[in-house]
């Protein structure tokens with residue numbers, strides 16, 4: 002009975018969220034800003050939240066000034082408290098607690114990008130994601146590091162937790178980092194300032210500043226900006 006009452010109380014808010022999530026135009030932007038200002042950990046000035054954006058655990062997500070979260074973006078936050086076995090990749094550049102997602106000033110997160118911030122994500126100022134970028138600080142692994150020959154382990158989120166093995170590590174992007182179309186950033190990665198990740202690259206390790214990064218697995222192919 003109590004659960005039914007909770008559902009009835011929450012239903013009008015769910016309908017309102019459904020309405021504003023898909024509402025186009027300037028009115029949609031204004032209504033979404035007002036709604037998410039009460040839900041997010043922090044939202045700065047002149048933040049644009051486009052249509053069909055999804056936030057999981059918005060209380061752990063911060064969007065700083067002049068951000069644009071483009072259509073269909075998914076941002077997941079909040080630390081995983083399950084007992085699933087995992088490999089943890091430490092990242093000393095990440096300044097917050099697990100599960101926190103911070104998107105700095107003047108950032109554009111391109112359409113249909115995914116940010117899995119369950120392990121923690123920090124994106125510094127003046128960064129851009131092209132469409133379809135995937136950034137994971139927390140993800141399933143295809144087998145167990147501890148028992149690599151054990152075939153009971155599967156790749157999926159709906160199987161028993163005892164049969165899952167995770168990889169977790171905060172991701173840190175420094176200032177003026179660009180991520181091109183459909184690139185993938187994996188747990189524990191840091192990319193220093195003024196670097197650029199090329200189309201379809203899969204980034205599995207960290208890179209120093211002013212790197213032009215490409216490939217699968219991604220490598221530093223040359224300087225982004227030429228020193229003269």
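Numbering (the numbering used here), first residue to last: 2 to 229.
Idealized CB from N, CA, C, for every residue including glycine.
Owing to the predicted nature of the structure, the values given are computational and were not obtained by experimental measurement.
Inset, instruction - Indicate the three-state DSSP secondary structure (helix, strand or coil) for residue 45 in the structure shown. - result: If you number the chain shown from 1, residue 45 lands on position 44. Residue state, collapsed to three classes: coil.
Inset, instruction - Identify, in the order they occur along the chain, each residue of the same chain with its Cβ nearer than 6 Å to the Cβ of residue 197, setting aside the five sequence neighbours on each side. - result: As a position in the chain shown, residue 197 is number 196, starting the count at 1. Cβ neighbours of residue 197 within its own chain (closer than 6 Å, five residues either side excluded): 179, 213, 225.
Legend entry - Cβ neighbour criterion (16 or more within 10 Å) applied to residue 162: The sequence position of residue 162 within the chain shown is 161, counting from 1. Exposed: under 16 other Cβ atoms inside 10 Å.
Legend entry - Nearest-angstrom Cα separation, counted from residue 123 out to residue 138: Here residue 138 refers to the residue found at position 137 when the chain shown is read from its first residue. Here residue 123 refers to the residue found at position 122 when the chain shown is read from its first residue. The C-alpha of residue 138 lies about 10 Å from the C-alpha of residue 123.
Inset, instruction - Go ahead and pull the three-state DSSP assignment for residue 153. - result: Position 152 of the chain shown, counting from 1, holds the residue named residue 153. DSSP places residue 153 in coil when its eight states are reduced to three.
Legend entry - Exposed unless 16 or more other CB atoms sit within 10 angstroms - verdict on residue 188: Within the chain shown, the letter at position 187 stands for residue 188. Burial call: buried.
Legend entry - Same chain, Cβ closer than 7 Å to residue 33, neighbours up to 5 away in sequence not counted: For this step, residue 33 is matched to residue 32 along the chain shown. Excluding residues within five positions, the ones whose Cβ falls inside 7 Å are 21, 50.
Legend entry - Beta-carbon contacts of residue 62 that lie in its chain and below 7 Å, excluding the five residues immediately before and after: For the purposes of this step, residue 62 is taken as residue 61 along the chain shown, with counting starting at 1. If the five residues before and after residue 62 are omitted, its C-beta is found closer than 7 Å to the C-beta atoms of 41, 42, 56, 76, 78, 102, all from its own chain and listed in chain order.
Legend entry - As assigned by DSSP and simplified to three states, the class of residue 57: The residue given as residue 57 occupies position 56 in the chain shown. In the three-state reduction of the DSSP assignment, residue 57 falls in the strand class.
Legend entry - C-beta contact flag for residue 44 and residue 64 at 7 Å: Here residue 44 refers to the residue found at position 43 when the chain shown is read from its first residue. Here residue 64 refers to the residue found at position 63 when the chain shown is read from its first residue. Yes, these two residues count as a Cβ contact at 7 Å.
Inset, instruction - Flag this pair as yes or no: are the beta carbons of residue 130 and residue 110 separated by less than 7 Å? - result: Stepping through the chain shown from its first residue, residue 130 is reached at position 129. Stepping through the chain shown from its first residue, residue 110 is reached at position 109. Their beta carbons are under 7 Å apart, which means residue 130 touches residue 110 by this criterion.
Inset, instruction - Taking residue 38 as part of the alpha helix (DSSP H), name the residues at either end of that continuous run. - result: Looking up residue 38 in the chain shown gives position 37. For residue 38, the enclosing alpha helix (DSSP H) stretches over residues 26-38.
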